[in-house]
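Chemist: Position one of the sequence shown corresponds to residue 2 (the working numbering), numbered consecutively onward.
Handing you a structure now.
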Amino acid sequence: MTKEKIERKIAVIFATDVVGYSKHMEANESETIHNLRACEAILTKLFEKHEGRLFNTGGDSFLAEFPSAVSAVECAVEFQKSIKERNLSDETSVMLEFRIGINSGDVVKEKENLLGDGINIAARLEALAQTGGITISKVIYDFVKGKTAYEFNDLGLQKVKQNEFHAFDLLVEPSQKRKIKSNSNISKLYLFTAFAAILALGAIIFLSLFDQGIKEQVSSDDQLSNVKSSSPVMLVYPFENLSSSEEGGNFSNAITESMISSLSRYKGISVLSSSTSSDAKSKQLSEASIKKFYNANFIVRGSIQTLSNQSRIQMQLTDLSLNKVVWTDKVDFAAEDIFQVQDKIGDKILAHLQINAVAGSEAKSWAAKYGTTERLTLFLNSREEWFKFTPDAYENHTNIIKRLEEQLGKDSPILYNIKGWNLILKITVGKSTNLSKDAAELIRLADLDILENNDVTSYNLRALVEFRVGSKDCERSKKYAKKAAELGATADTFIVSGSIWVECGDLKEGTRFFEKALRLQPNDSGWNLTKRLIPMYYLQEEYSKIIDLVEPHLDAIDVAPEMVAFYAFSKLQDGDRNLAKTMFDRAKTMGVSKENLERVIRDSSKTEEFILKLSELGTIE
């Protein structure tokens with residue numbers, strides 16, 4: 002059989018996507034989609050004006066080719082200025098912002114689509130770009146310098162896996178000038194730095210643009226970089242239309258988009274974008290490849306079949322780590338009930354994940370308590386906020402309680418516990434304007450919680466309340482903590498016990514409690530427990546344990562800068578000064594500060610002591 006000839010060409014590639022699209026969708030799905038369509042219309046007109054051709058799009062991402070580098074750059078500048086003007090308008094309900102990457106290189110033409118390294122690099126340049134910014138390759142810079150009046154900022158040589166490229170920022174505004182450390186030798190370190198910069202701009206899902214030309218047969222050097230995170234990563238595979246009608250196809254697309262939006266409600270799960278889902282389907286990737294390329298932990302598959310006015314959706318959830326289907330279900334419904342069904346399916350999947358993959362068995366009692374998946378999701382999101390220990394997190398936590406009150410009533414006994422933790426957070430972050438009043442209310446809520454609910458969460462709250470604002474008696478506080486342990490040896494029980502034992506002077510036993518909590522928690526979302534353990538090891542001079550705890554997570558895109566700082570210090574103690582300095586610089590690039598170190602260590606004098614010891618490697622603001 003004669004092999005089909007591969008058509009290659011040199012093309013100028015324009016890549017763009019929305020910054021923080023998932024967060025916008027979570028906040029207001031319909032308005033986000035409406036505003037995205039308006040931005041897409043602007044982009045389409047500019048493509049026509051500058052002779053660009055859109056060849057691939059998925060959700061919030063767009064890929065186009067241009068006849069010249071100048072045309073692509075002029076289009077990019079005009080688009081960013083148009084978006085900025087649009088966002089200043091009073092009529093704009095959701096202010097979407099974009100990043101743009103432009104490259105010229107060899108591509109493969111596959112029907113109307115383009116594939117290959119030329120696109121990979123454009124996508125990586127887009128990922129490097131600032132919010133509202135444009136980042137270009139050197140080849141584009143060489144083409145347009147002297148032919149345009151724009152200023153450029155040299156970012157130096159960058160390397161990700163086998164892709165090495167020289168990058169420049171096009172300065173739409175002078176304030177966009179920045180520095181990114183050039184690193185052609187330590188690809189893993191650069192990859193993290195790039196990811197961290199992206200996170201700071203609020204965009205974490207851009208994988209679909211990384212490698213448009215990838216096939217299952219490619220070598221490992223050309224594969225997507227594994228994205229690690231503290232949250233399980235899920236891909237919703239485009240639902241299959243088993244109907245012959247076009248309407249069935251529309252339903253299947255709607256279901257897919259709805260699942261992505263619905264599952265993104267819970268902050269403990271990272272859901273890959275719709276463009277990534279489409280990308281996986283177009284390449285016909287196996288589940289093993291999806292796990293490998295996107296570092297996904299779970300995949301949702303489904304189908305929809307319509308006959309007359311009746312439809313059936315079948316779906317399954319596969320745990321890619323176990324390589325097995327862990328849940329299946331089907332839903333029959335009238336076609337006009339499609340929107341209610343979408344929410345129903347999303348809730349079913351989310352409930353399974355929360356209980357079995359994210360929050361652990363402890364979530365089963367929470368699910369029973371809150372009654373619906375929506376309420377459980379709100380509660381779990383409140384926990385995510387609580388562990389941040391920031392004023393903004395307190396405000397978010399308070400808003401979640403208000404939403405639960407709307408559903409359960411302001412005086413619901415179910416809410417005594419979460420309201421108590423809210424007051425602890427309020428006092429901890431300095432938002433209380435009347436400490437004695439808040440302390441009295443906290444004790445009242447904790448007592449009511451035991452009286453009405455008398456469960457493990459009640460005694461966990463009561464133990465900490467007793468120690469913080471009650472008698473502050475160690476033995477009395479430990480008594481409540483031990484009662485909680487009798488009712489259930491949960492991660493929360495060990496966290497509360499660990500806090501009390503540490504503050505009562507038993508550092509070793511407190512550390513043991515935190516270690517138990519970490520073993521029970523299948524997903525340390527936000528690295529909360531990890532960050533609690535690190536200062537415990539530091540205070541006991543167990544630096545090897547810090548190294549063992551942090552090292553497996555150094556390539557994670559959301560690894561906390563404090564973790565990297567403690568790792569740097571531990572490597573210094575271990576005698577590896579060069580790596581220690583590299584890691585310290587990385588922590589500074591990520592934005593480590595005295596403030597966030599103090600939040601982790603929870604003792605200003607110990608924080609000062611740590612920074613002083615770390616000063617051998619440099620200074621921290």
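Beta carbons: idealized from backbone N, C-alpha and C, even for Gly.
Just so you know, these numbers come straight off a predicted model, no measurement behind them.
Express the C-alpha separation of G21 and G133 in angstroms, rounding to a whole number.
Modeler: The residue labelled residue 133 in the question sits at position 132 within the sequence shown. The residue labelled residue 21 in the question sits at position 20 within the sequence shown. Roughly 12 angstroms between the two C-alpha positions.
Chemist: Compute the Euclidean distance between the alpha carbons of L1 and I256, then round it to the nearest angstrom.
Modeler: Given a span of 2 to 622 for the chain in the structure shown, any question on residue 1 remains unanswerable.
Chemist: Under 7 angstroms, do E622 and S594 count as touching if we go by C-beta distance?
Modeler: Residue mapping note: residue 622 aligns to position 621 of the sequence shown, counting from 1. Residue mapping note: residue 594 aligns to position 593 of the sequence shown, counting from 1. With contacts defined by Cβ atoms closer than 7 angstroms, E622 and S594 form a contacting pair.
Chemist: Please report how far the alpha carbon of K389 lies from the alpha carbon of T319, in whole angstroms.
Modeler: Residue mapping note: residue 389 aligns to position 388 of the sequence shown, counting from 1. Residue mapping note: residue 319 aligns to position 318 of the sequence shown, counting from 1. Going from the Cα of K389 to the Cα of T319 covers about 31 angstroms.
Chemist: Express the C-alpha separation of E563 and L126 in angstroms, rounding to a whole number.
Modeler: Residue mapping note: residue 126 aligns to position 125 of the sequence shown, counting from 1. Residue mapping note: residue 563 aligns to position 562 of the sequence shown, counting from 1. Computed Cα separation, rounded: 28 angstroms.
Chemist: Measure the alpha-carbon distance for L210 versus N296 and round it to whole angstroms.
Modeler: Here residue 210 refers to the residue found at position 209 of the sequence shown. Here residue 296 refers to the residue found at position 295 of the sequence shown. Confidence at L210 is low in this model, with a pLDDT of 27, below 50, so its placement is unreliable and the value that follows should be read with caution. Distance between the alpha carbons of L210 and N296 is about 15 angstroms.
Chemist: Measure from the alpha carbon of F294 to the alpha carbon of each residue in R313, K589, Q306 and V234, then state which is nearest.
Modeler: Translated into the one-based positions of the sequence shown, residue 294 becomes position 293. Proximity to F294 across R313, K589, Q306 and V234 peaks at V234, based on C-alpha coordinates.
Chemist: G499 by DSSP, collapsed to three states: which one?
Modeler: Position 498 of the sequence shown, counted from the first residue, corresponds to residue 499. In the structure shown, G499 sits in a helix (DSSP, three-state: H, G or I).
Chemist: By the DSSP assignment, the beta strand (DSSP E) with T17 in it spans what residues?
Modeler: As a position in the sequence shown, residue 17 is number 16, starting the count at 1. Where T17 is concerned, the enclosing beta strand (DSSP E) starts and stops at E8 to V19.
Chemist: Quick one: Cα of K370 to Cα of E599, how far?
Modeler: By 1-based counting over the sequence shown, the position of residue 370 is 369. By 1-based counting over the sequence shown, the position of residue 599 is 598. Rounded to the nearest whole angstrom, the C-alpha separation of K370 and E599 is 35 angstroms.
Chemist: Go ahead and label E174 buried or exposed: buried means 16 or more other beta carbons lie within 10 angstroms of its beta carbon, across all protein chains shown.
Modeler: To locate residue 174, count along the sequence shown from 1; it is residue 173. By the neighbour-count rule (16 or more Cβ atoms within 10 Å), E174 is not buried but exposed.
Chemist: Quick one: Cα of P68 to Cα of C76, how far?
Modeler: In the sequence shown, counting from the first residue as 1, residue 68 sits at position 67. In the sequence shown, counting from the first residue as 1, residue 76 sits at position 75. Approximately 12 angstroms, taken between the alpha carbons.
Chemist: Three-state secondary structure (DSSP) at Y191?
Modeler: Here residue 191 refers to the residue found at position 190 when the sequence shown is read from its first residue. For Y191, the predicted structure reports a pLDDT of 34, less than 50, and the residue's modelled location is therefore unreliable. A value from the coordinates is still provided. Helix, per DSSP.
Chemist: Got a sec? Which residues, its chain only, sit under 8 angstroms from N88 by beta carbon, not counting five neighbours each side?
Modeler: In the sequence shown, the residue the question calls residue 88 occupies position 87. Cβ neighbours of N88 within its own chain (closer than 8 angstroms, five residues either side excluded): M96, L97 and E98.
Chemist: Taking the DSSP output, what are the residues bridged to R603?
Modeler: Locating residue 603 in the sequence shown gives position 602, where the first residue counts as 1. R603 pairs with nothing; no bridge assigned.
Chemist: If I follow the unbroken beta strand (DSSP E) through V327, where does it start and stop?
Modeler: Position 326 of the sequence shown, counted from the start, is the residue given in the question as residue 327. Taken as a continuous stretch (DSSP letters only), the beta strand (DSSP E) holding V327 covers K325 to A335.
Chemist: Which word fits A289, buried or exposed, when buried means at least 16 other C-beta atoms lie within 10 angstroms of its C-beta?
Modeler: Locating residue 289 in the sequence shown gives position 288, counting from the first residue. Exposed, by the Cβ-count rule.
Chemist: My parser needs the beta strand (DSSP E) runs of 3 or more residues fully inside the region 57-81; what are they?
Modeler: Fully contained in the region 57-81 are the following beta strand (DSSP E) runs of length 3 or more, in chain order: 62-67.
Chemist: Please identify the residue among E113, L550, A70 and D61 whose C-alpha is closest to the C-alpha of S571.
Modeler: Indexing the sequence shown from 1 puts residue 571 at position 570. Selected option, being the one with the closest Cα: L550.
Chemist: Which of the three DSSP states, helix, strand or coil, is assigned to K432?
Modeler: Numbered from 1 along the sequence shown, position 431 holds the residue referred to as residue 432. Looking at K432 - three-state DSSP - the assignment turns out to be coil, as it is neither helix nor strand.
Chemist: With a cut-off of 8 angstroms on the beta carbons, I'd call A569 and A581 a contact; round off their distance for me.
Modeler: By one-based count along the sequence shown, residue 569 stands at place 568. By one-based count along the sequence shown, residue 581 stands at place 580. The Cβ separation is near 5 angstroms, so the contact holds.
Chemist: Which residue wins for smallest C-alpha separation from K614, given the options E542, I141, S105 and W422?
Modeler: Here residue 614 corresponds to residue number 613 of the sequence shown, with the count starting at 1. Cα-wise, what sits closest to K614 is E542.
Chemist: Please report how far the alpha carbon of I535 lies from the alpha carbon of K292, in whole angstroms.
Modeler: On the sequence shown, position 534 is the one that residue 535 refers to. On the sequence shown, position 291 is the one that residue 292 refers to. Their Cα atoms are separated by approximately 30 angstroms.
Chemist: Quick one: Cα of L156 to Cα of F169, how far?
Modeler: As a working note, residue 156 is residue 155 in the sequence shown. As a working note, residue 169 is residue 168 in the sequence shown. Answer to the nearest angstrom: the Cα atoms are 5 angstroms apart.
Chemist: Three-state secondary structure (DSSP) at K110?
Modeler: One-based indexing of the sequence shown puts residue 110 at position 109. In the structure shown, K110 sits in a strand (DSSP, three-state: E or B).
Chemist: List the whole-angstrom C-beta distance separating T458 from N423, where the pair is believed to meet the contact cut-off of C-beta under 8 angstroms.
Modeler: On the sequence shown, residue 458 is found 457 positions in, with the first residue counted as 1. On the sequence shown, residue 423 is found 422 positions in, with the first residue counted as 1. So it is not a contact: roughly 14 angstroms between Cβ atoms.
Chemist: Within the same chain, show all residues whose beta-carbon is closer than 8 angstroms to that of G119, passing over the 5 residues directly before and after it, in chain order.
Modeler: For the purposes of this step, residue 119 is taken as the residue at position 118 of the sequence shown. Only I11, A12, I14, N104, S105, G106, D107 and V108 meet the Cβ criterion.
Chemist: How is the alpha helix (DSSP H) around L534 delimited, first residue to last?
Modeler: Here residue 534 is taken as the residue at index 533 of the sequence shown, counted from 1. Its alpha helix (DSSP H) spans residues N529 to L540.
Chemist: For a quick check, are the C-beta atoms of F334 and S312 less than 7 angstroms apart?
Modeler: By one-based count along the sequence shown, residue 334 stands at place 333. By one-based count along the sequence shown, residue 312 stands at place 311. For F334 and S312, yes; Cβs fall inside 7 angstroms.
Chemist: Tell me the DSSP secondary structure of E617 in three-state form.
Modeler: Within the sequence shown, the letter at position 616 stands for residue 617. Reduced to three states, the DSSP call for E617 is coil.
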